[in-house]
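> What follows is a single structure, and I will ask about it in a moment.
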Amino acid sequence: MKSDYDKLIKEAYEELPEQTKETERFEIPKVKGHLQGTKTIISNFTSIVDTLRREPEHLLKYLQRELATPAKIDGPRLVLGRKLSASLINSKIQQYTESFVLCSECKKPDTQLTKEDRTTILKCTACGAKNPVRAKI
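In this note's numbering, the protein residues as written are 42 to 178.
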């Protein structure tokens, strides 16, 4: 009886399709946009902010400082004051995510930014860790 069960399980596993891509629960959308004159327009800024679960102004301020450019939020998009490559913007958003979104203990994105006195604290709702965030903004 047991060997029939094992045989059926083995056959079922062989018929399953191979996983072609591993997907994580948390994936940051890549920047979508275009150049318009001397400006860079990021059209999916709101979806990036929604995925990160942070205030748009917080990410805006970080990008302005890191990219050394003026910027403004124009509806669902972000307008940067100079020409920038998508790979540079994506790398800065990745750095922001590592500093202000992902828990340093469990690496999960289930975090909240809170202020205690004058210190910004990254509190993880998954594991309960609390860590001060280096003030880059």
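The beta-carbon is built from N, C-alpha and C at its ideal position, and this holds for glycine as well.
Check whether the Cβ atoms of I69 and I130 lie closer than 8 Å to each other.
No.
> Mapping DSSP to helix, strand and coil, what is E146?
coil
> Three-state secondary structure (DSSP) at T110?
coil
> What residue range does the alpha helix (DSSP H) around T138 cover?
T138 -> alpha helix (DSSP H) spans 127-141.
> Mind checking which residues open and close the beta strand (DSSP E) that includes T155?
Counting along the chain, the unbroken beta strand (DSSP E) around T155 starts and ends at 152-157.
> From the DSSP secondary-structure annotation, give me the bridge partner or partners of Q77.
K80
> If we ignore side chains and look at the alpha-carbon of each, how far apart do T64 and E157 end up?
Low local confidence applies: a pLDDT of 49 at T64 is under 50, so the model's placement there is unreliable, and no value is given.
> What number of angstroms, rounded off, separates the C-alpha of D47 from the C-alpha of S145?
The straight-line gap from Cα to Cα measures roughly 42 Å.
> Pick from E55, G116, S140, D91: whose alpha carbon is nearest that of P173?
Checked all of E55, G116, S140, D91; the closest Cα to P173 is S140.
> Compare the beta carbon distance of T138 and G122 with 8 Å and say whether it is the shorter of the two.
no
> In whole angstroms, what separates the C-alpha of L57 from that of K149?
29 Å
> Between K171 and F67, what straight-line distance do the alpha-carbon atoms span, to the nearest angstrom?
When rounded, the separation of the alpha-carbon atoms in K171 and F67 is 20 Å.
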